[in-house]
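Novice: Protein chains in written order, with this note's numbering: chain A, 1 to 229; chain B, 1001 to 1229. Before I ask anything, let me first share the structure, which is written out below as structure tokens.
2 protein chains.
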Amino acid sequence: DILDAVRSALSAGPLAGKHILVTSGPTHEPIDPVRYIANRSSGAQGTALATALMDLGAQVTFVTGPASVAPPVGANVVAVETAAEMLAAVEAALPVDAAVFAAAVADWRVASASGKKIKKQDGALPVLEFAENPDILARISQMGAGRPRLVVGFAAETHDVIENATAKRLRKGCDWIVANDVRPETGIMGGSENKVTVVTEEGAMDWPRMTKAEVSVQLAAKIADTLTR
Amino acid sequence: DILDAVRSALSAGPLAGKHILVTSGPTHEPIDPVRYIANRSSGAQGTALATALMDLGAQVTFVTGPASVAPPVGANVVAVETAAEMLAAVEAALPVDAAVFAAAVADWRVASASGKKIKKQDGALPVLEFAENPDILARISQMGAGRPRLVVGFAAETHDVIENATAKRLRKGCDWIVANDVRPETGIMGGSENKVTVVTEEGAMDWPRMTKAEVSVQLAAKIADTLTR
């Protein structure tokens, strides 16, 4: 549309002609018609990253859960709610040159979500049984033919950040993990700043604490560097 | 403050000099530092009702969970997250002439919320055990001395609306129940319209479907009528 055309005319940047997928925000997993399990992701980091990538000329497909920040102007926005819906939207967006999974996807869904509101007087306390959600990052990382050239995962950690992120990178098969420390006292989840550690094949790099916009600019530059090498 | 003064100067309405408590929005119950259980309440109905009550001259204390709509201008706003915090804020707001419990309070909290993020590789699927939350509506309805003269509860129902709401009124001991049908296909939860049934000592009255603002004006008028009788 017009915004896309204006943006690409203005920015024949290093990512011109590249199609990049960014996932963002939380997912919501229903318990019954009125209750759900959520997480504290605001979508701020994913949205800022999509904007930074577009500023370098990329065409961005932005698959977002119910975030509290508005989606990035100029991206192809696909709104979803659950992890299963997010996977379907990601697969529909392929092929892409790079995929950045910044969404905080629920690891588990409620195995038998109720079609009726669970009532308090139904007796005992409810017991929620869970089923594992599809692992979107692992699935795309481990694709054979058609795998994006660069796959980036995010990791929200509350302890042992480097150790957990390094293990996660190997377990998933992605190229980079961008790890952040989401202990409540850091104010990162839902806040405007981030303090990330970027784990690649070469090791772990601690970036200084900066705004999510600044993290995004640096990450977009690193992505451009890799895709144009 | 200034807004309060302007509002009461402009509206020496039937509720002038009355202090009314309104609760609104969802509550969030933590599972671990990043995950929580939520519900689909937007806070729209509670916010509209607080405004309608202030328009009739009431002084409103507005205890709100993490709602998606902005709190009403001119109210004394107390922001909380969990049901336990909401109860504490409600008790701190007493005495009041009337209390309207429009919040969608979680019936249950996670019995042993984890201080660390629950990790996927910790092995089996997590099991969430629940504990019952304090029943704020019942507790205030059944106060002896100091009970508000009028206590109004809300009920979000997905089936058998009148039957469930009538039973809820008796079980809680409140004066009125305002019941709405929150089946997803009605678009009421999170939407701008509402279709309520008001259950009082005199029976159940079905109100026509109208905007949440219109429901609020009628409900505020009914509250004013009762408190000034």
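We put the CB at the ideal spot given by N, CA and C, even for glycine.
#1: So the candidates are Val1196(B), Val1090(B), Thr1047(B); which of them puts its Cα closest to the Cα of Trp1207(B)?
#2: Among the residues of its own chain, which have a CB less than 6 Å from the CB of Ser1114(B), if the five just before and after it don't count?
#3: For a cutoff of 8 Å on Cβ pairs, would you count Val105(A) as touching chain B?
#4: What residue from Ala1067(B), Pro1014(B), Ile1118(B) has the CA that sits closest to Val182(A)'s CA?
#5: Please list the segments of the beta strand (DSSP E) lying wholly inside the segment 1123-1180 of chain B, counting only runs of 3 or more residues, in order along the chain.
#6: So Phe1130(B) contacts chain A; which residues on that side make the cut at Cβ distance below 9 Å?
#7: Buried or exposed: where does Gln59(A) fall if 16 or more other Cβ atoms within 10 Å of its Cβ makes it buried?
#8: In three-state terms, what does DSSP make of Val215(A)?
#9: Could you have a look at Leu1049(B) and say whether DSSP puts it in helix, strand or coil?
#10: Going by C-alpha distance, which of Thr1023(B), Ala1052(B), Arg1035(B), Pro1030(B) is nearest Ser1041(B)?
#11: Hey, how far is the Cα of Thr1027(B) from the Cα of Arg35(A)?
#12: According to DSSP, is Thr200(A) helix, strand or coil?
#13: Just mark Ala124(A) as buried or exposed, buried being the case when its beta carbon has 16 or more other beta carbons within 10 Å.
#14: For Asn1133(B) and Ala220(A), I'd like the C-alpha separation in whole angstroms.
#15: Check whether the segment 132-148 of chain A touches the segment 46-60 of chain A, taking contact to mean three or more Cβ pairs, one atom from each stretch, closer than 8 Å.
#16: Hey, out of Gln142(A), Arg109(A), Lys120(A), Ile140(A), whose CA is closest to Pro1126(B)'s CA?
#17: Using DSSP with H/G/I as helix, E/B as strand and the rest coil, what is Pro26(A)?
#18: Kindly indicate if chain B contains any beta-carbon less than 8 Å away from that of Ala156(A).
Specialist: Looking at the coordinates:
#1: Walking along the second sequence from the start, residue 1207(B) turns up at place 207. Out of Val1196(B), Val1090(B), Thr1047(B), Val1196(B) has the C-alpha closest to the C-alpha of Trp1207(B).
#2: For this step, residue 1114(B) is matched to residue 114 along the second sequence. Cβ within range, chain order: Asp1032.
#3: Taking the first residue of the first sequence as position 1, residue 105(A) is located at position 105. Not an interface residue.
#4: Within the first sequence, the letter at position 182 stands for residue 182(A). The residue with the shortest Cα to Cα distance from Val182(A) is Ile1118(B).
#5: Segments of the beta strand (DSSP E) lying fully in the segment 1123-1180 of chain B: 1130-1132, 1150-1157.
#6: The residue you call residue 1130(B) lines up with position 130 of the second sequence. Neighbours of Phe1130(B) across chain A, judged by C-beta separation under 9 Å: Leu125, Pro126, Val127, Leu128.
#7: Residue 59(A) sits at position 59 when you count from the first residue of the first sequence. With 16 or more other Cβ atoms within 10 Å, it is buried.
#8: Here residue 215(A) refers to the residue found at position 215 of the first sequence. Val215(A) falls in the helix class under three-state DSSP.
#9: As a working note, residue 1049(B) is residue 49 in the second sequence. Three-state DSSP puts Leu1049(B) in a helix.
#10: By 1-based counting over the second sequence, the position of residue 1041(B) is 41. Ser1041(B) has its Cα closest to that of Thr1023(B), out of Thr1023(B), Ala1052(B), Arg1035(B), Pro1030(B).
#11: Residue numbering aside, residue 1027(B) sits at position 27 when the second sequence is read from its first letter. Residue numbering aside, residue 35(A) sits at position 35 when the first sequence is read from its first letter. Roughly 11 Å separates the two Cα atoms.
#12: Here residue 200(A) refers to the residue found at position 200 when the first sequence is read from its first residue. The answer is strand: DSSP assigns Thr200(A) an E or B state.
#13: Position 124 of the first sequence holds residue 124(A). Exposed.
#14: One-based indexing of the second sequence puts residue 1133(B) at position 133. One-based indexing of the first sequence puts residue 220(A) at position 220. Cα-Cα distance, rounded: 45 Å.
#15: no
#16: For this step, residue 1126(B) is matched to residue 126 along the second sequence. Comparing C-alpha distances from Pro1126(B) to each of Gln142(A), Arg109(A), Lys120(A), Ile140(A) shows the shortest one belongs to Arg109(A).
#17: Mapped onto the first sequence, residue 26(A) falls at position 26. Note: Pro26(A) maps to strand in three-state DSSP.
#18: Your numbering for residue 156(A) matches position 156 in the first sequence. Judged by the 8 Å Cβ criterion, Ala156(A) is in contact with chain B.
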